[in-house]
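Participant: Read in numbering that gives the first Met the number 0, the sequence shown has 81 at position 82, and its numbers run on one by one without any break.
Using N, Cα and C, we set each Cβ at its ideal position, and we do this for glycine too.
Being a predicted model, the structure only gives us computed values, none of them experimental.
Take a look at the following structure, please.
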Amino acid sequence: MNHYETVFILNPVLSEDQIKETVKKYEDFLVSNGAKMIAKEDWGLKKLAYPIQNKKSGFYHLFEYTVDGEVINPLEVEFRRDERFMRYLTVALDKHAISWAERRREKLKQKA
């Protein structure tokens with residue numbers, strides 16, 4: 000089981016219900032393939048550095064999870080097929096990135 004982090008940008012024209020439905024769909028996809036969700040964050044609507052698909056903003060979301068490596072490719076294929084996704088990035092976290100992510104989550108808890 001490897002530790003992964005996926006950040007994705009959803010189309011800004013989606014309603015709040017459509018966004019929640021999309022996030023839930025892919026969270027369920029990961030869990031059904033044996034993933035253990037560690038963290039899930041909604042970063043909200045953010046302005047993009049450059050236009051993507053003629054859009055200047057997008058809804059950012061982050062998933063942090065542990066799963067076997069062979070699940071990542073089917074996940075990214077699903078991302079490519081879904082028109083609601085503008086961009087995504089999945090990275091495998093090493094021990095330093097894992098500890099940094101834990102510290103970041105603790106800081107977010109303290110702020111809330």
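For Y49, is the classification buried or exposed, using 16 other Cβ atoms within 10 angstroms of its Cβ as the cut-off for buried?
Facilitator: The sequence position of residue 49 within the sequence shown is 50, counting from 1. Burial call: exposed.
Participant: Excluding sequence positions up to five away, which residues of its chain have a Cβ less than 7 Å from the Cβ of E105?
Facilitator: Residue mapping note: residue 105 aligns to position 106 of the sequence shown, counting from 1. Correct list: empty, nothing qualifies.
Participant: Can you find at least 3 beta carbon pairs, one from the stretch 30 to 44 and one from the stretch 59 to 67, that sit closer than 8 Å?
Facilitator: yes
Participant: What are the start and end residues of each continuous beta strand (DSSP E) run of 3 or more residues lying completely inside the stretch 48 to 92, in chain order?
Facilitator: 54 to 66, 84 to 91
Participant: Does the separation of the CB atoms of Y59 and I8 fall below 8 Å?
Facilitator: Here residue 59 corresponds to residue number 60 of the sequence shown, with the count starting at 1. Here residue 8 corresponds to residue number 9 of the sequence shown, with the count starting at 1. Yes, these two residues count as a Cβ contact at 8 Å.
Participant: Secondary structure at L13, three-state DSSP: helix, strand or coil?
Facilitator: For the purposes of this step, residue 13 is taken as residue 14 along the sequence shown, with counting starting at 1. In this structure, L13 counts as coil in the three-state DSSP scheme.
Participant: If we ignore side chains and look at the alpha-carbon of each, how far apart do K108 and Y25 end up?
Facilitator: Taking the first residue of the sequence shown as position 1, residue 108 is located at position 109. Taking the first residue of the sequence shown as position 1, residue 25 is located at position 26. Computed Cα separation, rounded: 24 Å.
Participant: What does the Cβ neighbour count give for A34, buried or exposed, with the cut at 16 atoms within 10 Å?
Facilitator: As a first step, residue 34 is located in the sequence shown; it is residue number 35 there, counting from the start. Counting Cβ neighbours within 10 Å, A34 comes out buried, since at least 16 surround it.
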